[in-house]
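Chemist:
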Amino acid sequence: MKRLLTHLGLRFFLLFSCIFLSSFFISLSAQEFVKGGANGFEWRLIGRVFFDGGYFFNDTTDLGSSFQVNDIRLGTQIRFLEHWEAKIELGYGDSKISMKDIFLTYKFGEQAVRVGYQYEPFGNSRVGTTNFRFMTNAASDKALGNSRKLGVGYSYNHQWFNFMGGIYSDGDVQKSKSLDQGYSLAAKLIGRPLLKDKKLVHLSVAPRFSSGQETITFNAGIPTDLLTKDDNSYVEAKVDQVINQWKLDLEMILLYNKWYFQGQYFLAHLNRFQADNYNGKGWYGQIGYMILGAKHNYNAATGMIVNPAPKSLEVLCRYNMIDLNDAGIRGGRLTDISLGMNYFINKYVAAKINYTHMMVGNSSPKGGDDFDLIQARLQFSF
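Residue numbers for the sequence shown follow the numbering used here, beginning at 10 and rising by one.
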């Protein structure tokens, strides 16, 4: 029955997508807002799909190769009454349909208030998968960063700095009628002491506090979407008797002509009942160079790196480390080195290839192992 419902859900999603696309693509150009009547109402269609393939080698688990269609999304963005915006986006992945960005925003001057299902101002996931420099975020960000939460957020954007913060539910709202979700408070302050064409110094600090979850699990693995979450838990720490949790995210982004650098440090501190407090930590640094194209692009309103102009070709290198061993909990230690190359064919299509060498510590749940992965992606987004 579960498999039948999954197939029916997928068919409904694909049918809805086809009807929606065929109805509106005839008269619309992707990524352009279309006016739809009085009160300044306008909207546009958004979506994406990733075609991924990869091959694992030099590993003892014989993971082999895989080819998949990942991260199918479809949604819309709406503007109305001068100050109001809305976004509704659904996705299909891991054999299920899930909510993505679903929120309502009110903008006034350089300030904005947002209500709904959205990313907290913590970690790098809010950049969006199409704008990731590598095919996926670093494992340290996946384990210690944050996902979307239901809540209220506020942001203030200035040329030289950004502030964003909010209060959110700390539960999983995609689970049916879940109770005792707890809450989280998150904020991020970004400073830009240097902001010029092809030159940028971006420094940020993001603290986060949460309470209400007695058990918290951190896990991560290979930087790929080819494996399920259960198959990709190469480091995992399950921490119980939790009173509350404090997190810290420190970030630096540098741009100089065709060069790009980004680094983040994550710390999770858990206060516990009648047990030693727990600290999980991780960091990564990545550097890129634009072989073809003028520069990397930076969105000062959001404080995020976005994709460069069409016909750009960039090469990248990333070093990542995460350590979840602490307070008698053997969550594991993981290090990986990745090389990447991205070519942006046009405004809507990009090709990416990544090579990763994994170094998994002996204390990790799957045991110590060194192995390699090469993977590629063709992404279409509008």
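We put the beta carbon where it would ideally sit given N, CA and C, even for glycine.
Under 7 Å Cβ to Cβ from Phe42, same chain only, skipping five residues before and after it: list those, please.
Modeler: So the qualifying residues of the chain are Glu51, Trp52, Arg53, Arg88.
Chemist: Whole-angstrom Cβ separation of Phe170 and Leu198, contact assumed at under 8 Å?
Modeler: That belief holds up - the Cβ atoms of Phe170 and Leu198 are roughly 7 Å apart, short of 8 Å.
Chemist: Is Leu153 helix, strand or coil when you go by DSSP?
Modeler: Three-state result, Leu153: helix.
Chemist: Taking 6 Å as the limit between beta carbons, can you name the residues of its chain near Met313, skipping five residues before and five after?
Modeler: Only Val136 meet the Cβ criterion.
Chemist: Contact between the segment 328-338 and the segment 290-304 is defined here as three or more beta-carbon pairs at a separation below 8 Å; is this criterion met?
Modeler: Yes: the two stretches touch, three or more of their Cβ pairs being nearer than 8 Å.
Chemist: With three or more beta-carbon pairs closer than 8 Å as the criterion, would you say the segment 367-375 touches the segment 308-328?
Modeler: Touching, no, given that fewer than three Cβ pairs across the two stretches are closer than 8 Å.
Chemist: Have a look at Asn79, Gly349, Phe131, Asp110 and flag the residue whose alpha-carbon is nearest the alpha-carbon of Thr365.
Modeler: Of the listed residues, the one whose Cα sits closest to Thr365 is Gly349.
Chemist: Using CA coordinates, which residue listed in Phe66, Thr139, Gly56, Asp240 is at the minimum distance from Tyr101?
Modeler: Checking every option, the nearest Cα to that of Tyr101 belongs to Gly56.
Chemist: In the DSSP assignment, what are the bridge partners of Glu245?
Modeler: Asn228.
Chemist: Residues in its own chain within less than 8 Å of Tyr307 by CB, not counting five upstream and five downstream?
Modeler: Answer for Tyr307: Leu209, His211, Ile262, Leu264, Met313, Ile314, Val315, listed in chain order.
Chemist: With C-beta atoms as the reference, is Lys267 less than 8 Å away from Met299?
Modeler: The answer is yes: Cβ separation under 8 Å.
Chemist: Could you check if Ala47 is buried or exposed, using at least 16 other CB atoms within 10 Å of its CB as the buried criterion?
Modeler: Looking at its Cβ environment, which holds fewer than 16 other Cβ atoms inside 10 Å, Ala47 is exposed.
Chemist: Along the beta strand (DSSP E) that carries Tyr298, what are the first and last residues, could you check?
Modeler: Looking at the DSSP string, the run of the beta strand (DSSP E) that includes Tyr298 is 287-301.
Chemist: Could you check the C-alpha separation between Tyr115 and Ala95 for me, to the nearest Å?
Modeler: Rounded to whole angstroms, Tyr115 to Ala95 spans 9 Å at the Cα level.
Chemist: So, for Tyr274: in the same chain, excluding its five sequence neighbours on each side, which residues have a beta-carbon less than 7 Å away from its beta-carbon?
Modeler: Excluding positions up to five away in sequence, the list reads Leu259, Trp292.
Chemist: Excluding sequence positions up to five away, which residues of its chain have a Cβ less than 6 Å from the Cβ of Met144?
Modeler: Around Met144: Lys361, Asn363, Arg386.
Chemist: Exposed or buried, which one is Tyr243 when buried takes at least 16 other CB atoms within 10 Å?
Modeler: So Tyr243 ends up on the buried side.
Chemist: Just to check my reading of the structure: Glu223 and Gln250 have Cβ atoms closer than 8 Å, yes? What is that Cβ distance to the nearest angstrom?
Modeler: Indeed, because the Cβ distance is near 7 Å, the residues count as touching under 8 Å.
Chemist: Closer than 6 Å by C-beta to Val58: which residues in its own chain qualify, once you throw out the five before and the five after it? Chain order, please.
Modeler: Only Ile81, Phe389 meet the Cβ criterion.
Chemist: Looking only at DSSP bridge pairs, what is Leu348 linked to?
Modeler: Bridge partners of Leu348: Cys326, Tyr364.
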